[in-house]
Amino acid sequence: MASGYIVNRGVLIFGIHYQHVCRNVLLTQTREKKRWMKAYTLLMERKLKIEGPPPPKPRSQKPNWDYHAEVQAFSSRLKESFSPELLKTAFVNPCYIQSEQERRQALSVDSETAALVLGDNIQLHTQGLEFTKSFLSDWCKASFPSLPSKGVVAIVGHLTSHPVVCHVARNLAIEDLTMSAQFPVPDEVLHSTFLAVIGALQESSGAERAGLFLRDFLVTQLVGKDLFEMWSVVNPMGLLVEELSKRNVALPEPRLTRSAGAGTVLPLYFVGLYSDKKLLAEAPGETVLAAEEEAARVALRKLYGYTENRRPCDFSAAEQLGLMPSNPSATHKGHVTPSTMSSIS
Amino acid sequence: MTSRGTPSRFLQSVLQNGVGRYVCQLKRISLIFSKNGQSSLGAREFIEEGVVDFAIKNPGTVVYVSPQSCRIPKIVAEYLNGNVKEEAITSKTSQQIAELITKLTNQSGLDIIRIRKPIHTDSPSIQGQWHPFTNRPPSIGPIGPQKQQANERLCETS
């Protein structure tokens, strides 16, 4: 690199160094302390403060991007074999096609010479959505047999909701591969892209593999979640009365079991629900009514087998699995047997 | 700095990785090196010998090799959770670079900061979390030490 250097009397006087890049191109540089640097840096910082940070750019517009390689890596990373055309179609959203066509029209490109030969992902999306909902409902009913249909619908609705699906999609690098009109990719677009990918997987590898994919990525989002976080029940006592009358068990009677600090700022009351003089559930609360409601919720969790200490779901390897998981919750025994249950869950 | 002054996080995994299938969290690795600089010698050797094997062993990671005129050769690793990690490989040997790349492959993309607890569980209690009312007979009234009547009866009979 130093071969094209020419010593000039400028070096001794002005501190300018000349460098021949080739015969006709001369590069000049000053290697001393640059007095303009501080003013320039401060000016750029002031500009940043006024205008704010630059808008985020999609990964495809940054250096080092090869779409085909990325799509291949996506399918091998998830250990699934997607058919490449279906997968690429799944990433193309209608808003992208529209914006591309508008761009071509704006550049007045002849629509025959540069036709946009991209398919939509709408059909794959509807397919994926149907399959996801049916698979998740089947899975819920199999692992929690005593959960009523409203509960199943609530859990499935939570798992297919925008926040959960977009969280999963972002952490699987689907946002990088999505082709959409806007960046950052809006939630609905990302949601439909994820479901289109499920649809593509179902068409390429079959319903079983797609089911395992959903189990490994969507159902695991249930870990650590409580039933009533996903299913908002306004009147748990009413629901409990319904459930018990369906099973022909005596209706629950609330009794104050323990209390402490009744006259203070932080009172504590434990209310136990007894059916036929046997304890169903006991729970604490700040007021007696709050404790009773909480006790009803605890009793419902025990009835539906969705307690925190239930046997964990089976996520073992694919070989031993059909679509239905093999281990339903062990705390459910069909008929409620209050005497064998621990009193405080 | 003390642990209060530096950032910290709890032990966690990205998207419950491992509960279902295991997904390698490294999605992209870019090797930026110079064709002629002496600090990129190790990088050039690694690209001659090791990078293709690495790419074959990790089909889920895209490997980009970009020769640029740069003073410091770098490895830029991008993870599934969006984190980007840059490591300088100035004057490292090919062996050291290979080890560094294996280390990056095995990491999840979470920040390398102090982990508050080396454990995490979603079901902390099986028999029920202890609270001061566990194993006490139910009573409404002022709370005091439990009367040890059973003990006295045992003493009498013996």
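So the sequences go chain by chain: A and B.
The first sequence runs 1433 to 1777 under the working numbering.
The second sequence runs 39 to 196 under the working numbering.
Quick reminder that beta carbons are idealized off the backbone N, C-alpha and C, glycines included.
Keep in mind it's a predicted model, so treat the numbers as computed, not measured.
Legend entry - Helix, strand or coil at V100(B) according to DSSP, with G and I counted as helix: Looking up residue 100(B) in the second sequence gives position 62. If DSSP states are grouped into helix, strand and coil, V100(B) belongs with the strands.
Legend entry - Meets three-Cβ-pair contact criterion under 8 angstroms: the stretch 111–121 of chain B and the stretch 66–76 of chain B: yes
Inset, instruction - Taking only beta-carbon positions, decide if A1471(A) is within less than 8 angstroms of chain B. - result: Residue numbering aside, residue 1471(A) sits at position 39 when the first sequence is read from its first letter. Cβ-Cβ to chain B under 8 angstroms: no for A1471(A).
Legend entry - 7 angstroms Cβ cut-off: residues of chain B touching R1729(A): Taking the first sequence and counting its residues from 1, one reaches residue 1729(A) at position 297. Within chain B, no residue comes near R1729(A); the closest Cβ sits about 15 angstroms away, beyond 7 angstroms.
Legend entry - Proximity below 8 angstroms, CB of A1605(A) to CB of F1506(A): As a first step, residue 1605(A) must be located in the first sequence, where it is residue number 173. As a first step, residue 1506(A) must be located in the first sequence, where it is residue number 74. Yes, the pair counts as a contact, with Cβ atoms nearer than the cut-off.
Legend entry - Distance, S1543(A) Cα to K1657(A) Cα: Locating residue 1657(A) in the first sequence gives position 225, counting from the first residue. Locating residue 1543(A) in the first sequence gives position 111, counting from the first residue. Computed Cα separation, rounded: 52 angstroms.
Inset, instruction - Quick one: list the residues of chain A neighbouring I181(B), beta-carbon separation under 7 angstroms, in chain order. - result: The count along the second sequence starts at 1 and reaches residue 181(B) at position 143. A1692, listed in chain order.
Inset, instruction - Say whether chain B places a C-beta atom closer than 8 angstroms to the C-beta of V1524(A). - result: Counted from its first residue, the first sequence places residue 1524(A) at position 92. It does not: the Cβ of V1524(A) has no partner Cβ on chain B nearer than 8 angstroms.
Legend entry - Contacts around T1689(A), its chain only, beta-carbon distance under 7 angstroms, and the 5 residues preceding and following it disregarded: Position 257 of the first sequence, counted from the start, is the residue given in the question as residue 1689(A). Excluding sequence neighbours, T1689(A) sits near F1702, V1703, G1704, E1714.
Legend entry - Expected contact under 8 angstroms - CB spacing of S1636(A) and S1513(A) to nearest Å: On the first sequence, position 204 is the one that residue 1636(A) refers to. On the first sequence, position 81 is the one that residue 1513(A) refers to. Correct: roughly 7 angstroms between the Cβ atoms.
Inset, instruction - Find the nearest neighbour of T1739(A) within the set S1664(A), L1659(A), P1716(A), judged by alpha-carbon distance. - result: Walking along the first sequence from the start, residue 1739(A) turns up at place 307. Closest option to T1739(A), Cα to Cα, is L1659(A).
Legend entry - Whole beta strand (DSSP E) elements within the stretch 1442–1501 of chain A, 3-residue minimum: 1448–1454, 1457–1462
Inset, instruction - Answer yes or no: does any C-beta atom of chain B fall closer than 8 angstroms to that of N1603(A)? - result: Looking up residue 1603(A) in the first sequence gives position 171. Yes, N1603(A) lies at the interface with chain B (some Cβ there is under 8 angstroms from its Cβ).
Inset, instruction - Out of P1486(A), E1502(A), G1631(A), point me to the one whose CA is closest to L1556(A)'s CA. - result: Residue numbering aside, residue 1556(A) sits at position 124 when the first sequence is read from its first letter. Ranking the options by Cα distance to L1556(A), first place goes to G1631(A).
Legend entry - Residues near G120(B) by beta carbon distance below 8 angstroms, same chain, minus five either side: As a working note, residue 120(B) is residue 82 in the second sequence. Hits under 8 angstroms: G147.
Legend entry - beta strand (DSSP E) runs wholly inside the stretch 85–159 of chain B, at least 3 long, in chain order: 100–105, 112–117, 122–126
Legend entry - Assigned secondary structure, E1532(A) (DSSP; H/G/I helix, E/B strand, else coil): Locating residue 1532(A) in the first sequence gives position 100, counting from the first residue. E1532(A): helix per DSSP, three-state reduction.
Inset, instruction - Go through its chain and collect everything with a Cβ distance to E1725(A)'s Cβ below 8 angstroms, but skip five positions before and after it. - result: Here residue 1725(A) is taken as the residue at index 293 of the first sequence, counted from 1. Only P1668, M1669, G1717 meet the Cβ criterion.
Inset, instruction - Pick out whichever of V101(B), R42(B), K155(B), S51(B) has its Cα sitting closest to the Cα of H1500(A). - result: If you number the first sequence from 1, residue 1500(A) lands on position 68. Closest by alpha carbon: V101(B).
Inset, instruction - Would you list, in chain order, the members of the stretch 49–67 of chain B that have their beta-carbon closer than 7 angstroms to a beta-carbon of chain A? - result: V52, L53, Q54, V57, G58, R59, V61, C62, K65
Legend entry - Test item: CB-CB of Q1634(A) and F1576(A) under 8 angstroms: By one-based count along the first sequence, residue 1634(A) stands at place 202. By one-based count along the first sequence, residue 1576(A) stands at place 144. No. Outside cutoff.
Inset, instruction - Express the C-alpha separation of S1664(A) and L1698(A) in angstroms, rounding to a whole number. - result: Residue mapping note: residue 1698(A) aligns to position 266 of the first sequence, counting from 1. Residue mapping note: residue 1664(A) aligns to position 232 of the first sequence, counting from 1. If you take the alpha carbons of L1698(A) and S1664(A), they lie about 27 angstroms apart.
Inset, instruction - Go to P170(B), then tell me how far its alpha helix (DSSP H) extends in each direction, as first and last residue. - result: Position 132 of the second sequence holds residue 170(B). P170(B) -> no alpha helix (DSSP H), and no H or E assigned at all.
Inset, instruction - Could you list which residues in chain B have their beta carbon closer than 7 angstroms to that of K1511(A), in chain order? - result: For the purposes of this step, residue 1511(A) is taken as the residue at position 79 of the first sequence. In chain order: R59.
Inset, instruction - Taking all protein chains shown into account, decide if S46(B) is buried (16 or more other Cβ within 10 angstroms of its Cβ) or exposed. - result: Taking the second sequence and counting its residues from 1, one reaches residue 46(B) at position 8. By the neighbour-count rule (16 or more Cβ atoms within 10 Å), S46(B) is not buried but exposed.
Inset, instruction - Mind reading off the beta-carbon distance from C62(B) to G98(B)? Whole number of angstroms is fine, and I expect it under 8 angstroms. - result: Locating residue 62(B) in the second sequence gives position 24, counting from the first residue. Locating residue 98(B) in the second sequence gives position 60, counting from the first residue. The pair is a contact, with the Cβ atoms about 5 angstroms apart (cut-off 8 angstroms).
Inset, instruction - Just grab the DSSP bridge partners of P1716(A) for me. - result: The residue labelled residue 1716(A) in the question sits at position 284 within the first sequence. Partner(s): F1702(A).
Inset, instruction - Taking only beta-carbon positions, decide if V90(B) is within less than 8 angstroms of chain A. - result: Numbered from its first residue, the second sequence carries residue 90(B) at position 52. Taking Cβ atoms only, chain A never reaches closer than 8 angstroms to V90(B), which makes this a no.
Legend entry - S1569(A) versus I135(B): straight-line alpha-carbon distance, rounded: Counted from its first residue, the first sequence places residue 1569(A) at position 137. Counted from its first residue, the second sequence places residue 135(B) at position 97. So the alpha carbons of these two residues sit roughly 48 angstroms apart.
Legend entry - Cβ distance (whole Å) where L1591(A) is taken to contact Q1653(A) below 8 angstroms: Taking the first sequence and counting its residues from 1, one reaches residue 1591(A) at position 159. Taking the first sequence and counting its residues from 1, one reaches residue 1653(A) at position 221. Between Q1653(A) and L1591(A) the Cβ distance is about 6 angstroms, and since that is below 8 angstroms, they are a contact.
Inset, instruction - Identify whether T1611(A) lies in helix, strand or coil by the three-state DSSP scheme. - result: As a working note, residue 1611(A) is residue 179 in the first sequence. This sequence places Met at residue 1611(A); Thr is not what is there. It is a strand residue.
Legend entry - 8 angstroms Cβ cutoff met for N1680(A) and V1621(A): The residue you call residue 1680(A) lines up with position 248 of the first sequence. The residue you call residue 1621(A) lines up with position 189 of the first sequence. Against a cut-off of 8 angstroms, the Cβ pair of V1621(A) and N1680(A) comes out as no contact.
Inset, instruction - Figure out for me which residue from I153(B), V57(B), G80(B), T159(B) has the closest Cα to the Cα of A126(B). - result: Position 88 of the second sequence, counted from the start, is the residue given in the question as residue 126(B). Nearest option by C-alpha distance: G80(B).
Legend entry - C-alpha gap between P1486(A) and E1532(A), whole angstroms: Taking the first residue of the first sequence as 1, we reach residue 1486(A) at position 54. Taking the first residue of the first sequence as 1, we reach residue 1532(A) at position 100. Distance between the alpha carbons of P1486(A) and E1532(A) is about 23 angstroms.
Legend entry - Span separating the alpha-carbon of R1733(A) from that of G1638(A): As a working note, residue 1733(A) is residue 301 in the first sequence. As a working note, residue 1638(A) is residue 206 in the first sequence. Roughly 35 angstroms separates the two Cα atoms.
Legend entry - Beta carbon proximity, G1852(A) to chain B, threshold 8 angstroms: What is shown of chain A runs 1433 to 1777, which leaves residue 1852(A) out entirely.
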